[in-house]
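Below is one structure, written out as structure tokens, with a few remarks after it.
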Amino acid sequence: MTDPNVESLTASALSVRLGGRAVLDDVALALRPSEVTAIVGPNGAGKSTLMSCLAGLRRPDRGSVNLGGRAIAAFGDRERAQRIGYLPQSPEIAWPLDVHTFVRLGRTAHRGVFGESASDAEAVDRALESTAMTAFANRDVTTLSGGERARALIARALAGEPTWLLADEPLTGLDLGHQLDAADLLQRIAHGGVGVVVTLHDLSFAARTADRIVVMAEGRILADGQPTEALNPGVLSRAYAVDARWIEGASGPLLDITGRHG
Amino acid sequence: MKSARAGWALNLGLLAFLVALSALSVIAGRVWTPINHLGGAHDTRWLIITELRIPRTLLGILVGGALGLSGATLQGYTRNALADPGVLGVSSMAALGAVLTLYLNLALASPWVLPAFAIGGAAIGVVLLVLVAAPAGEAVSFLLAGVILNTIASAGVALALSLAPNPWASSEITNWLMGSLADRSIVDVRTAAPFILVGGAILLTTGRALDALTLGETGARALGISLRRTQLMIAVGVGLACGAAVAVTGVIGFVGLIVPHLVRWLVGGRPSRLLIPSALAGADLLLAADILVRSIPRANEVHVGVVMAALGAPFFLALLISMRRRLA
Numbered sequence: 001m002t003d004p005n006v007e008s009l010t011a012s013a014l015s016v017r018l019g020g021r022a023v024l025d026d027v028a029l030a031l032r033p034s035e036v037t038a039i040v041g042p043n044g045a046g047k048s049t050l051m052s053c054l055a056g057l058r059r060p061d062r063g064s065v066n067l068g069g070r071a072i073a074a075f076g077d078r079e080r081a082q083r084i085g086y087l088p089q090s091p092e093i094a095w096p097l098d099v100h101t102f103v104r105l106g107r108t109a110h111r112g113v114f115g116e117s118a119s120d121a122e123a124v125d126r127a128l129e130s131t132a133m134t135a136f137a138n139r140d141v142t143t144l145s146g147g148e149r150a151r152a153l154i155a156r157a158l159a160g161e162p163t164w165l166l167a168d169e170p171l172t173g174l175d176l177g178h179q180l181d182a183a184d185l186l187q188r189i190a191h192g193g194v195g196v197v198v199t200l201h202d203l204s205f206a207a208r209t210a211d212r213i214v215v216m217a218e219g220r221i222l223a224d225g226q227p228t229e230a231l232n233p234g235v236l237s238r239a240y241a242v243d244a245r246w247i248e249g250a251s252g253p254l255l256d257i258t259g260r261h262g
Numbered sequence: 001m002k003s004a005r006a007g008w009a010l011n012l013g014l015l016a017f018l019v020a021l022s023a024l025s026v027i028a029g030r031v032w033t034p035i036n037h038l039g040g041a042h043d044t045r046w047l048i049i050t051e052l053r054i055p056r057t058l059l060g061i062l063v064g065g066a067l068g069l070s071g072a073t074l075q076g077y078t079r080n081a082l083a084d085p086g087v088l089g090v091s092s093m094a095a096l097g098a099v100l101t102l103y104l105n106l107a108l109a110s111p112w113v114l115p116a117f118a119i120g121g122a123a124i125g126v127v128l129l130v131l132v133a134a135p136a137g138e139a140v141s142f143l144l145a146g147v148i149l150n151t152i153a154s155a156g157v158a159l160a161l162s163l164a165p166n167p168w169a170s171s172e173i174t175n176w177l178m179g180s181l182a183d184r185s186i187v188d189v190r191t192a193a194p195f196i197l198v199g200g201a202i203l204l205t206t207g208r209a210l211d212a213l214t215l216g217e218t219g220a221r222a223l224g225i226s227l228r229r230t231q232l233m234i235a236v237g238v239g240l241a242c243g244a245a246v247a248v249t250g251v252i253g254f255v256g257l258i259v260p261h262l263v264r265w266l267v268g269g270r271p272s273r274l275l276i277p278s279a280l281a282g283a284d285l286l287l288a289a290d291i292l293v294r295s296i297p298r299a300n301e302v303h304v305g306v307v308m309a310a311l312g313a314p315f316f317l318a319l320l321i322s323m324r325r326r327l328a
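Respectively, the protein sequence lines represent chains A and B.
For the first sequence, counting from 1, position 71 maps to 71 in this note's numbering; every step adds exactly one.
For the second sequence, counting from 1, position 264 maps to 264 in this note's numbering; every step adds exactly one.
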């Protein structure tokens, strides 16, 4: 499955301190293309900080992020934006644009001086199609329902044809059915060759969606591996202070939470 | 693509309207000067046209365009539909800069000192807004920062003019804080035009960044937009355009608030699409308001800044109410 053209994304020895607290403490991570990597962990574990470092939007105090073997800090703003699509946590949409215009914003780093080329228009059409948003192209993006809005946001990121898609809590605020749809969409995107990295809160969803799970707590990586392996009872107890175990469900493993400890 | 065509149709319409208003502006006023009834070169009414009406018309177009374009840019940058160089205190800061040169007796040193100080004042105003309010990024923090800048700058203008060896301080204060296009000469046009044109050209290059800022600051950075560069372009562009405008006319508020709304309603919300039509519509609006004030038969002409405030303040209130409703 591995596409040799996808540039590798790695973090080494990342440290970020904020107000005297280590938000990230010596984090090392080598991400693989064509799979969904979910970063999970309790509030304040450093997930969002790690994501913005990986996206090249925050400079770590120590350590570095490398894209295709080259330090991400050495990339120009546009160069980086062409390779990494980033969906921030609780994304802002300031003006009532139609969905088509909104998704075209994803081409910002590609557009030449003379405006849009044919390849820009094709990329936008493909992004709308792969997220099933073509029929919504003329709708006002600020009046979409939560599920439609999530798809429009993903379409906007896909329009940039990134090699990496980093999404910070893309499922937050969606109902169960729409979480499932969005998770499937992210899986399809990954299997199409894009490296997908998401932060998630719902562990059952993470286990269901991700090929690989990275568990963080207090700025460090506690576990990293296949879902049920990474989310083993010992790790869950240390990360979340809960007692939990995996049980066999009809459609796969299920997380059974049995208690909470100090 | 449909909106692109609507945009050009709107631009052409606004331009045609501007041509018609310009013609009216040349003949309308206390003395009507219908071109076809004028005598030969010895007719004194030609003097009114060339010495007063044409400079006044050109200034109305330049200043209105500068204010409309600055308003559209500031609204795009702050993602705040209530932004305007007047409301945010940028124009008052320019007036303070201009008045300081009168207080310090620098204005006579060179004709460029006063506009340079006004431009500096406006640019400092934008920089303060960006530094104070932008990190929070909320509409309210921009408006509060604007209230503070307006208060400081208006107090500064009043203080400087009162302390200055100037027997007409109170009327000068009104002149600076409630702008007017009356009795300006071609010298004023020549002073302001280069700065307004350069500032306007700089602001027109920010379209791509303003579009990307629809996604917020993080979203725009992720799309490869440099926020610092955008802030610099806006501070310099708005500084030049508004500063030069205030230097020759005083503060004329609300043009930059009203115009982008009318345009947005016609061509949609994409910020880059609003820039050119806002400049044209700003010129239309200010020219129309100016024709109105000089057509009212009165001993003293009403300042066009007063008329804009009278039109703009209720508009501002209505906007605020409709925004609150949408949020509630």
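Cβ coordinates follow ideal geometry from the N, Cα and C atoms, glycine included.
Quick caveat: nothing in here was measured; it's all calculated off a predicted structure.
Return yes when the Cβ of residue j is within less than 8 Å of the Cβ of residue i, no when it is not.
i                     : j                     : result
residue 192 (chain B) : residue 244 (chain B) : yes
residue 254 (chain B) : residue 86 (chain B)  : yes
residue 297 (chain B) : residue 274 (chain B) : no
residue 27 (chain A)  : residue 220 (chain A) : yes
residue 103 (chain B) : residue 177 (chain B) : no
residue 33 (chain A)  : residue 195 (chain A) : yes
residue 68 (chain B)  : residue 279 (chain B) : yes
residue 45 (chain A)  : residue 216 (chain A) : yes
residue 86 (chain A)  : residue 166 (chain A) : yes
residue 10 (chain B)  : residue 266 (chain B) : yes
residue 150 (chain B) : residue 250 (chain B) : no
residue 26 (chain B)  : residue 57 (chain B)  : yes
residue 141 (chain A) : residue 98 (chain A)  : yes
residue 95 (chain A)  : residue 271 (chain B) : yes
residue 213 (chain B) : residue 222 (chain B) : no
residue 248 (chain B) : residue 59 (chain B)  : yes
So residue i contacts chain A; which residues on that side make the cut at Cβ distance below 8 Å?
i                     : result
residue 211 (chain B) : 105, 108
residue 271 (chain B) : 95
residue 208 (chain B) : 108, 111
Which residues bound the alpha helix (DSSP H) around residue i?
i                     : result
residue 194 (chain B) : 186 to 204
residue 115 (chain B) : 113 to 132
residue 277 (chain B) : 271 to 295
residue 10 (chain A)  : Premise fails: residue 10 (chain A) lies in the beta strand (DSSP E), 9 to 18, not in any alpha helix (DSSP H).
residue 234 (chain B) : 227 to 249
residue 173 (chain B) : 169 to 177
residue 51 (chain A)  : 47 to 54
Under 7 Å Cβ-Cβ, which residues of chain A neighbour residue i?
i                     : result
residue 214 (chain B) : 93, 94, 95, 97, 105
DSSP three-state call for residue i: helix, strand or coil?
i                     : result
residue 297 (chain A) : The shown model of chain A, from 1 to 262, leaves out residue 297 (chain A), and the question about it has no answer.
residue 37 (chain A)  : strand
residue 199 (chain A) : strand
residue 125 (chain A) : helix
residue 2 (chain A)   : Caution applies to residue 2 (chain A), whose pLDDT of 45 falls short of 50 and renders its modelled position unreliable; the model cannot decide the point.
residue 309 (chain B) : helix
residue 42 (chain A)  : coil
residue 216 (chain A) : strand
residue 211 (chain A) : coil
residue 68 (chain B)  : helix
residue 158 (chain A) : helix
residue 73 (chain B)  : helix
residue 139 (chain A) : coil
residue 234 (chain A) : helix
residue 317 (chain B) : helix
residue 148 (chain B) : helix
Residue range of the beta strand (DSSP E) that residue i falls in?
i                     : result
residue 225 (chain A) : 220 to 225
residue 265 (chain B) : Here residue 265 (chain B) belongs to no beta strand (DSSP E); instead the alpha helix (DSSP H) covers 255 to 267.
residue 83 (chain B)  : Taken as a continuous stretch (DSSP letters only), residue 83 (chain B) belongs to no beta strand (DSSP E), as it is neither H nor E.
residue 100 (chain B) : Run containing residue 100 (chain B): none in the beta strand (DSSP E); it sits in the alpha helix (DSSP H), 90 to 103.
residue 28 (chain A)  : 21 to 31
Using a C-beta to C-beta distance shorter than 9 Å, which residues of chain B count as neighbours of residue i?
i                    : result
residue 88 (chain A) : 215, 216, 218, 219, 222
Can you pull the chain B neighbours of residue i, defined as C-beta to C-beta under 8 Å?
i                    : result
residue 70 (chain A) : Here the premise fails: no neighbours, minimum Cβ distance about 16 Å.
residue 55 (chain A) : 222
residue 77 (chain A) : 221, 224, 225, 226
residue 80 (chain A) : 224
Could you list which residues in chain B have their beta carbon closer than 7 Å to that of residue i, in chain order?
i                     : result
residue 206 (chain A) : None at all; the shortest Cβ gap to chain B is about 23 Å.
Between residue i and the ligand COA, is there a pair consisting of the residue's CB and a ligand heavy atom that are separated by less than 7 Å?
i                    : result
residue 93 (chain B) : Summarising the ligand content, the structure contains no ligands, and the ligand COA is consequently not present.
Could you tell me which chain A residues have their CB closer than 9 Å to the CB of residue i, listed as they occur along the chain?
i                    : result
residue 79 (chain B) : 92, 94, 95
- Message: For a minimum of 4 consecutive residues, which ranges assigned as the alpha helix (DSSP H) are wholly contained in the segment 62 to 121 of chain A?
- Response: 77 to 83, 99 to 104, all fully within the segment 62 to 121 of chain A.
- Let me know the beta strand (DSSP E) ranges lying completely inside the segment 1 to 53 of chain B, each 3 residues or longer, listed in chain order. No beta strand (DSSP E) of 3 residues or more sits fully in the segment 1 to 53 of chain B.
- Note down, in chain order, all residues in the segment 221 to 235 of chain B with a beta-carbon under 8 Å from any beta-carbon belonging to chain E. Absent from the structure is chain E; the protein chains it does hold are A and B.
- Message: Which complete beta strand (DSSP E) runs does the segment 160 to 191 of chain A hold, if anything under 3 residues is left out?
- Response: The segment 160 to 191 of chain A contains these whole beta strand (DSSP E) runs: 164 to 168.
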